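Please read the structure below before turning to the comments.
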Amino acid sequence: MALARPILACVFASALTLTARAEVAVTIGYLEQVTPAPPVLSNLDPLPENEGLAGAEVGLADNATTGRFLKQTYTLDVRVVPEDGDFLAAAQELLSVTPFVVVNAPADDLLALADHPDAADAVLFNAGAPETTLRNETCRQNILHTLPSRAMLTDALAQFAVRRKWTDWVMLAGTRTGDQAFAAAIAKSAEKFGVRLRETKTWEFDADMRRNAAQEVPLFTQDLAQHDLMIIADEPGDFGRYVAYNTWEPRPVAGTEGLVPVAWDRTVEQWGAAQLQNRFEEAAARDMRPIDYAAWAAVRSIGEAVTRTNTADRDTIRDYLFSEAFELAGFKGRPLTFRSWNGQLRQPIPLTNPRALVALAPLEGFLHQRTELDTLGIDQAETACTAFEE
Amino acid sequence: MRLSVLLAAVFAAGLAVPVAADEIWVSNEKDDTISVIDVETLEVTRTIDVGERPRGITFAIDHSVLYLCASDSDTVQVIDPETGKVLHELPSGEDPEQFVLHPDNRHLYIANEDDAITTVVDTETRTVIAQIDVGIEPEGMAVSPDGKIAITTSETTNMAHWIDTSSQQLFANTLVDQRPRHAEFTLDGSELWVSSEIGGTITVFDVASQAEKGKIGFEIKGIHPDRVQPVGFEMTKDGKYVFVALGPSNHIAVVDQKTYDVLDYILVGRRVWHMAFNGDESLLFTTNGVSGDVTVIDVAELAAVKSIKVGRFPWGAAYRPTN
Numbered sequence: 219m220a221l222a223r224p225i226l227a228c229v230f231a232s233a234l235t236l237t238a239r240a241e242v243a244v245t246i247g248y249l250e251q252v253t254p255a256p257p258v259l260s261n262l263d264p265l266p267e268n269e270g271l272a273g274a275e276v277g278l279a280d281n282a283t284t285g286r287f288l289k290q291t292y293t294l295d296v297r298v299v300p301e302d303g304d305f306l307a308a309a310q311e312l313l314s315v316t317p318f319v320v321v322n323a324p325a326d327d328l329l330a331l332a333d334h335p336d337a338a339d340a341v342l343f344n345a346g347a348p349e350t351t352l353r354n355e356t357c358r359q360n361i362l363h364t365l366p367s368r369a370m371l372t373d374a375l376a377q378f379a380v381r382r383k384w385t386d387w388v389m390l391a392g393t394r395t396g397d398q399a400f401a402a403a404i405a406k407s408a409e410k411f412g413v414r415l416r417e418t419k420t421w422e423f424d425a426d427m428r429r430n431a432a433q434e435v436p437l438f439t440q441d442l443a444q445h446d447l448m449i450i451a452d453e454p455g456d457f458g459r460y461v462a463y464n465t466w467e468p469r470p471v472a473g474t475e476g477l478v479p480v481a482w483d484r485t486v487e488q489w490g491a492a493q494l495q496n497r498f499e500e501a502a503a504r505d506m507r508p509i510d511y512a513a514w515a516a517v518r519s520i521g522e523a524v525t526r527t528n529t530a531d532r533d534t535i536r537d538y539l540f541s542e543a544f545e546l547a548g549f550k551g552r553p554l555t556f557r558s559w560n561g562q563l564r565q566p567i568p569l570t571n572p573r574a575l576v577a578l579a580p581l582e583g584f585l586h587q588r589t590e591l592d593t594l595g596i597d598q599a600e601t602a603c604t605a606f607e608e
Numbered sequence: 251m252r253l254s255v256l257l258a259a260v261f262a263a264g265l266a267v268p269v270a271a272d273e274i275w276v277s278n279e280k281d282d283t284i285s286v287i288d289v290e291t292l293e294v295t296r297t298i299d300v301g302e303r304p305r306g307i308t309f310a311i312d313h314s315v316l317y318l319c320a321s322d323s324d325t326v327q328v329i330d331p332e333t334g335k336v337l338h339e340l341p342s343g344e345d346p347e348q349f350v351l352h353p354d355n356r357h358l359y360i361a362n363e364d365d366a367i368t369t370v371v372d373t374e375t376r377t378v379i380a381q382i383d384v385g386i387e388p389e390g391m392a393v394s395p396d397g398k399i400a401i402t403t404s405e406t407t408n409m410a411h412w413i414d415t416s417s418q419q420l421f422a423n424t425l426v427d428q429r430p431r432h433a434e435f436t437l438d439g440s441e442l443w444v445s446s447e448i449g450g451t452i453t454v455f456d457v458a459s460q461a462e463k464g465k466i467g468f469e470i471k472g473i474h475p476d477r478v479q480p481v482g483f484e485m486t487k488d489g490k491y492v493f494v495a496l497g498p499s500n501h502i503a504v505v506d507q508k509t510y511d512v513l514d515y516i517l518v519g520r521r522v523w524h525m526a527f528n529g530d531e532s533l534l535f536t537t538n539g540v541s542g543d544v545t546v547i548d549v550a551e552l553a554a555v556k557s558i559k560v561g562r563f564p565w566g567a568a569y570r571p572t573n
């Protein structure tokens, strides 16, 4: 009964001998476009100014510790572009130094950068833009995505609802672009997993909910169709926080409020995550957030590729990232890899409430011929991305 | 007459209170306790309160004291196995997770998970004698049978770090697959085995050259390879088997120590983590973190025979002979 899985001889691993290593120096760029935070009703949760950068810095320290044993050194070259700054000029500066750039910027800026001639040979890591289209119709061969798409998040929520048989939904959606995009992703996920999205209402109130949520929300939700779960699509966290416990029907709330699908959250502590959380908290004096995680994963992906290939060569690194040998231990219980058809980092999605991890998608029972992780987001069979076809 | 009555009384008492059987001590990570299992009755006989987040657990070679990593108390506790009382605490560096006792029965090599350090503690003078910089999240610890080499594996750096115990310096660093968790030398000291949780493999090194000699993968029908995650493992002294805990796949693999072939898989509790044999290695006790129990495996039959409820998130296990 010899059941041992044959280990594929791996070109990368066999090329690796730890004796007689030449020194390798790697520069990783971090490029951020600062955007104005939209005004919200509550000032309870100010956004940290270094979301993203703090994650990249912890990733760099992780790389450096490993590099110390292998004569590999890592440098982070940081450009944070102010609201009225010249994003492309900063990008060009970075690209003259390194092809590896972690980008935390809106989708439009990211695309403008990817299409710039100087970026033709770059390996850009999208750590800040959740747009599903960036992984689909507008994908670029020089962009990898370590932040999950909105589709991955809402698919995770739909799987959870199906498991719990909460298959009748209604939705309250805000009016901002992100709210509408999240709402569209919810509708698509509902269709994909056989959930009935019975009604969507748009939240257009401009009253201050801190005072009268108790009066407004019951009336606003009174005439909604029968439902098991109320979805909130309110990405900046404007009105959503006032909905729970004020609805006409006693129903749980999910989406951007209540039960929330996220790339990362402070409540993730299994799978060794407590150690990453501790490292981050010690470095940044706050909890690690989704964009921090995406930037960390990008820097660690580069580090992992350099560790295994012992080079900073752009082509070798990119090939390695897409090879079967690449695996990132991302503290989510299984190895993370990049999708060959759109450059998205496959990853489990935590479903959290403010105080605990509720579930981790993909949930049991959602099967896939390749990996269950591909039940989340755009799968190969449905992709509209052609940029990665060789 | 009086004498015979007395003898009868002694005899009866002897029957009523059997000689204490050997024990398996289990650290419960999220209960801050140790569960003591009687190897004969396979029941928990004592539950002992210890420091915060107990993980690594090992007895002195003469079993006179127990050493316990109380990770969140940032200390190694020294416990009297008879009374269960904490005798004293050893300096351990921050967040001690796992450790190994040197064959000299005196020096503990401790992985400080949050600090990327291996701390060497003299248990007699109760002082730290060395701290060695290793990779991120050191975890697996091993020491060669001759005591010359100590090993630390680092989970995020993905290496086995080789420490010369005479100088307390690193002399080699060897890459393994993602998230190495545990390391063991073979009894003859010729091979080092390292498990990689996320990589899903065990790498076997030739100790003399530190060169990779073999790699073992695992495959369980109906379970995605991503969930087959080797963590703790133990080797039988007869050189026959290696039992490997496969984490969230809820199975123990039985590996041939010589050929590296996987011989069998045994279903145990959820998220199986570490394990310990009884004295004659006829039984194996596995800690199942998520289900909060210990599975008892009959080694001759390669079959699970019982599960025993312990505390929350049982982590490590250690054997204590009582006779």
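Protein sequence lines correspond, in order, to chains A and B. Here the first sequence is numbered in this note's numbering, starting from 219 and rising by one per residue. Here the second sequence is numbered in this note's numbering, starting from 251 and rising by one per residue. Glycine included, each C-beta is placed from N, C-alpha and C at the ideal position. Computed from a predicted structure; not experimentally measured.
Pair every Cβ in the segment 427-438 of chain B with every Cβ in the segment 470-487 of chain B, then say whether three or more of these pairs are closer than 8 Å. yes
Can you tell me the Cβ-Cβ gap for A/V524 and A/I535, rounded? I've got them flagged as a contact below 8 Å. 7 Å
Rounded to whole angstroms, what is the Cα-Cα separation between B/K556 and B/F535? 10 Å
Hey, B/I329 and B/V315 are a contact pair by Cβ (cut 8 Å); roughly how many whole angstroms apart? 7 Å
Against chain B: residues of the segment 579-599 of chain A by CB proximity under 7 Å: The residues in question are T589, E590.
Would you please verify whether the beta carbon of B/A262 is less than 9 Å from any beta carbon of chain A? Its pLDDT being 46, under 50, B/A262 is placed unreliably by the model, and nothing is read from it.
contact_flag[the segment 294-312 of chain A, the segment 499-509 of chain A] where n(CB pairs < 8 Å) is 3 or more: Contact fails: fewer than three Cβ-Cβ distances are below 8 Å.
Please confirm whether B/P498 has its beta-carbon closer than 9 Å to some beta-carbon of chain A. yes
Determine, using beta-carbon pairs with one atom in the segment 355-369 of chain B and one in the segment 378-387 of chain B, whether at least three such pairs fall under 8 Å. Touching, yes, given that three or more Cβ pairs across the two stretches are closer than 8 Å.
For B/S459 and B/Q418, I'd like the C-alpha separation in whole angstroms. 19 Å
A/T237 to B/V457, Cα distance in whole Å? Confidence in A/T237 is poor, its pLDDT being 46 and thus under 50, which makes the residue's placement unreliable; the coordinate value appears in the next sentence. So the two alpha carbons sit approximately 16 Å from each other.
Looking at chain A, is there any beta carbon in it that lies within less than 9 Å of the beta carbon of B/T545? Not an interface residue.
Please look up how many angstroms separate the CB atoms of B/G442 and B/F455, rounded, as I've assumed it's under 8 Å. Per the sequence presented here, residue 442 of chain B reads as Leu, with Gly not at that position. At roughly 4 Å, the Cβ-Cβ gap stays under 8 Å, so B/L442 and B/F455 are in contact.
On a CA-only basis, which of A/D280, A/T253, A/L365, A/F378 is nearest A/T555? Give me that one, please. A/L365
Contact with chain A by B/D282, beta-carbon distance below 9 Å: no
B/I558 versus B/N500 - alpha carbon distance: 15 Å
According to DSSP, what are the bridge partners of B/A361? B/Q348, B/T368.
Comparing C-alpha positions only, which one of A/K410, A/R416, A/G273 sits nearest to A/D386? Per the Cα distances, A/R416.
How is B/D383 classed by DSSP in three states: helix, strand or coil? strand
For a contact defined as C-beta to C-beta under 7 Å, what are the partners of B/D288 on chain A? Residues of chain A passing the Cβ test: none, with the nearest at roughly 31 Å.
Flag B/T415 as yes if its beta-carbon sits less than 9 Å from any beta-carbon of chain A, otherwise no. no
Between B/Y491 and the rest of its own chain, which residues show a CB-CB distance below 8 Å, the 5 nearest in sequence each way excluded? M485, V504, V505, D506, Q507, L513, V549
Could you list which residues in chain B have their beta carbon closer than 7 Å to that of A/N496, in chain order? D364
Proximal residues to A/E487 (C-beta, below 7 Å), its chain only, five neighbours per side dropped: Q495
Is the beta carbon of A/V321 sitting closer than 9 Å to the one on A/F287? In this structure, A/V321 lies away from A/F287, with their beta-carbon atoms at least 9 Å apart.
A/W514 lies in the alpha helix (DSSP H); which residues open and close that run? 508-527
How about B/P341 and B/H313: do their beta carbons lie closer than 9 Å? no
9 Å is my cut-off, CB to CB: does A/R526 come that close to chain B? Look at A/R526: its C-beta is under 9 Å from a C-beta on chain B.
By the DSSP assignment, the alpha helix (DSSP H) with B/I473 in it spans what residues? It is not in any alpha helix (DSSP H) - B/I473 carries neither H nor E in the DSSP assignment.
Out of A/E522, A/F549, A/D533, state which residue places its alpha-carbon closest to the alpha-carbon of B/N408. Nearest option by C-alpha distance: A/E522.
Give the list of continuous alpha helix (DSSP H) stretches no shorter than 4 residues that lie fully inside the segment 301-354 of chain B. Runs of the alpha helix (DSSP H) lying entirely within the segment 301-354 of chain B, each at least 4 residues long, are absent.
Return the bridge partner residues of B/M391 from the DSSP annotation. B/T402
Applying the 10 Å Cβ sphere with the 16-neighbour rule, what's the burial state of A/F457? buried
Cβ contact check for the segment 574-584 of chain A and the segment 329-338 of chain A: 3 or more pairs under 8 Å: no
Rounded to the nearest angstrom, what separates A/A220 and B/T424 at their Cα positions? Confidence in A/A220 is poor, its pLDDT being 42 and thus under 50, which makes the residue's placement unreliable; the coordinate value appears in the next sentence. About 28 Å.
Taking the alpha carbon of A/H363 as the point to measure from, which residue in A/K383, A/E241, A/V341 has its own alpha carbon closest? When only C-alpha atoms are compared, the closest one is A/V341.
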